[in-house]
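Protein sequence lines correspond, in order, to chains A and G. Position 21 of the first sequence, counted from 1, bears residue number 20 in numbering that gives the first Met the number 0, the numbering being contiguous throughout. Position 108 of the second sequence, counted from 1, bears residue number 107 in numbering that gives the first Met the number 0, the numbering being contiguous throughout.
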Amino acid sequence: MERITPYRTYWLVWIVLLALTLSMIVAEGAPLARGLVVSFILLAMLLKVTMIGAWYMHLRLERAALILSVVLATFVTAAALFFLLVPEAISLPQAGP
Amino acid sequence: MTTVAMGSSETAAPVAHWQGGVSPFAVSWQKLMMWIFLVTDALLFAGFLASYGFVRLASPAWPEQNEVFPMLKIAAMTFVLITSSATMATAVGAAHRRDLKRAMVFVALTALGGLLFLLAQATEWATLIAEGARLTHNPWGPAPFAAFFFMITGFHGSHVLIGVILLTVVALRLWRGRATGMGVEVAGLYWHFVDVVWCFIFPLFYLL
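This is the structure in structure tokens:
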């Protein structure tokens, strides 16, 4: 990281993070289709993580080699775990609705 | 760097590259070590959350989180953790500007935020234990619910505790004028990671 980020940027990100958190809590109790609520909450969750990584951890100022190493190592593994386990869990006879 | 005899200019470039002549990530070793640690730690939490997801989906019933957890308190804990991330980012920015006094104040505020989070989590644990929740027993239904709660929030809480200790040391070093901008930034990476993990735990465990 070489460039200096203005202090104001950190606090603007903070406001957005709080707004996203609040919207997740409101969405959870909203009378909407469950699939829509879950999708929205997961999307907001990923957006929050991306913002913290990019602005607070300064990944947006790092080389692509570091960004890709961090993001691919974690998200590809997590996604592989998810897509291998979820179908198995749902297919079990005692699985819930 | 070791001197290597080169036969031609074609072989010189790759040899120099892989002997450390070029840094592929262009970051200090301290920062690179912290990133490697964070990636491995992230995979550990990914394993925890994946196993939680598996058991949750495979269970015929699951307790309603609203009935088990005080959501206002959990929201307040989330607010404190996000705010502590903002104060930590400000501290790192100040350290890079060589404004060590401001950096010390914001690192101390971050540690205070972490301490508040831990106190709230301790009271939450105490409440649930008083209501009969154990690693092997859950008064609201399937036993894995309480086991996953204690395992995931306990592991995250231990990270927060380590972070508070680390930040206290960094604040003391800043006060004595012995901390470097890199030291504050590396501590900041760890603290933001703690916040990132909570970004997953909060919706996956408490909301959905």
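From the three backbone atoms N, C-alpha and C, an ideal C-beta is built for every residue, glycine too. Keep in mind it's a predicted model, so treat the numbers as computed, not measured.
With 16 other Cβ atoms within 10 Å as the buried cut-off, status of residue i
i                      : result
residue 39 of chain G  : exposed
residue 55 of chain G  : buried
residue 5 of chain A   : exposed
residue 54 of chain A  : buried
residue 67 of chain A  : exposed
residue 82 of chain A  : exposed
residue 166 of chain G : buried
residue 162 of chain G : buried
residue 59 of chain G  : exposed
residue 4 of chain G   : Unreliable positioning characterises residue 4 of chain G in this predicted model, as indicated by a pLDDT of 44, which lies under 50. The coordinate reading is nonetheless provided below. Classification for residue 4 of chain G: exposed.
residue 34 of chain G  : buried
residue 28 of chain G  : exposed
residue 83 of chain G  : buried
residue 30 of chain G  : buried
residue 75 of chain A  : exposed
residue 91 of chain A  : exposed
residue 11 of chain A  : exposed
residue 32 of chain G  : exposed
residue 132 of chain G : buried
residue 122 of chain G : exposed
residue 89 of chain A  : exposed
residue 88 of chain G  : buried
Cβ separation of residue i and residue j, assumed to be a contact under 8 angstroms, to the nearest whole Å
i                      : j                      : result
residue 95 of chain G  : residue 56 of chain A  : Contact flag wrong, Cβ pair sits at about 14 angstroms.
residue 80 of chain G  : residue 53 of chain G  : Between residue 53 of chain G and residue 80 of chain G the Cβ distance is about 26 angstroms, and since that is not below 8 angstroms, they are no contact.
residue 19 of chain A  : residue 58 of chain A  : Contact doesn't hold; Cβ gap of about 18 angstroms is too wide.
residue 105 of chain G : residue 93 of chain G  : 6 angstroms
residue 168 of chain G : residue 193 of chain G : Their Cβ separation, rounded to whole angstroms, is 16 angstroms, which puts residue 168 of chain G and residue 193 of chain G out of contact at 8 angstroms.
residue 90 of chain G  : residue 109 of chain G : 6 angstroms
residue 24 of chain G  : residue 62 of chain A  : 6 angstroms
residue 171 of chain G : residue 37 of chain G  : With 8 angstroms as the limit, residue 171 of chain G and residue 37 of chain G do not qualify as a contact, their Cβ atoms being about 24 angstroms apart.
residue 27 of chain A  : residue 206 of chain G : 5 angstroms
residue 183 of chain G : residue 102 of chain G : 6 angstroms
residue 48 of chain A  : residue 198 of chain G : 5 angstroms
Pairwise C-alpha distance: residue j and residue i
i                      : j                      : result
residue 72 of chain A  : residue 41 of chain A  : 20 angstroms
residue 137 of chain G : residue 150 of chain G : 14 angstroms
residue 180 of chain G : residue 173 of chain G : 10 angstroms
residue 118 of chain A : residue 51 of chain A  : Lying outside 0 to 96, the shown extent of chain A, residue 118 of chain A is not represented and no answer is given.
residue 145 of chain G : residue 139 of chain G : 9 angstroms
residue 41 of chain G  : residue 196 of chain G : 8 angstroms
residue 130 of chain G : residue 66 of chain G  : 12 angstroms
residue 176 of chain G : residue 29 of chain A  : 51 angstroms
residue 22 of chain G  : residue 21 of chain A  : 42 angstroms
residue 57 of chain G  : residue 143 of chain G : 11 angstroms
residue 178 of chain G : residue 164 of chain G : 15 angstroms
residue 202 of chain G : residue 36 of chain A  : 11 angstroms
residue 49 of chain G  : residue 97 of chain G  : 42 angstroms
residue 211 of chain G : residue 75 of chain G  : As shown, chain G starts at 0 and ends at 207. That puts residue 211 of chain G outside it, with no answer to give.
residue 33 of chain A  : residue 46 of chain G  : 25 angstroms
residue 84 of chain A  : residue 43 of chain G  : 16 angstroms
residue 209 of chain G : residue 44 of chain A  : Outside the shown range of chain G (0 to 207) lies residue 209 of chain G, about which nothing can therefore be said.
residue 39 of chain A  : residue 25 of chain A  : 11 angstroms
residue 85 of chain G  : residue 127 of chain G : 30 angstroms
residue 134 of chain G : residue 113 of chain G : 25 angstroms
residue 153 of chain G : residue 86 of chain A  : 28 angstroms
residue 60 of chain A  : residue 7 of chain A   : 17 angstroms
residue 17 of chain A  : residue 64 of chain A  : 30 angstroms
residue 69 of chain G  : residue 26 of chain G  : 43 angstroms
residue 15 of chain A  : residue 204 of chain G : 22 angstroms
residue 147 of chain G : residue 107 of chain G : 32 angstroms
residue 80 of chain A  : residue 51 of chain G  : 12 angstroms
residue 73 of chain G  : residue 77 of chain A  : 25 angstroms
Proximity test, residue i beta-carbon vs the ligand ZN heavy atom, cut-off 7 angstroms
i                      : result
residue 164 of chain G : As presented, the structure is devoid of all ligands, the ligand ZN included, so that no description of it is given.
Interface positions of the segment 58 to 70 of chain A facing chain G (Cβ-Cβ less than 8 angstroms), listed along the chain: Cβ proximity to chain G below 8 angstroms picks out 61, 62, 64, 65, 68 and 69 from the segment 58 to 70 of chain A.
Which residues, taken in chain order from the segment 176 to 199 of chain G, show a beta carbon closer than 7 angstroms to some beta carbon of chain A? Residues of the segment 176 to 199 of chain G with a Cβ closer than 7 angstroms to any Cβ of chain A, in chain order: 188, 191, 194, 195, 198 and 199.
Contacting positions in the segment 24 to 39 of chain A - beta carbon closer than 9 angstroms to chain G: Taking 9 angstroms as the Cβ-Cβ cut-off against chain G, the residues of the segment 24 to 39 of chain A that qualify are 24, 26, 27, 28, 36 and 37.
Taking beta-carbon pairs under 8 angstroms, can you tell me which members of the segment 73 to 85 of chain G lie near chain A? Residues of the segment 73 to 85 of chain G whose Cβ lies closer than 8 angstroms to any Cβ of chain A, in chain order: 74, 77, 78, 81, 82, 84 and 85.
Short-range partners of chain A found in the segment 90 to 104 of chain G, where Cβ spacing is below 7 angstroms: In summary, the residues of the segment 90 to 104 of chain G whose CB is separated from some CB of chain A by less than 7 angstroms are 92, 95 and 96, in the order they occur in the chain.
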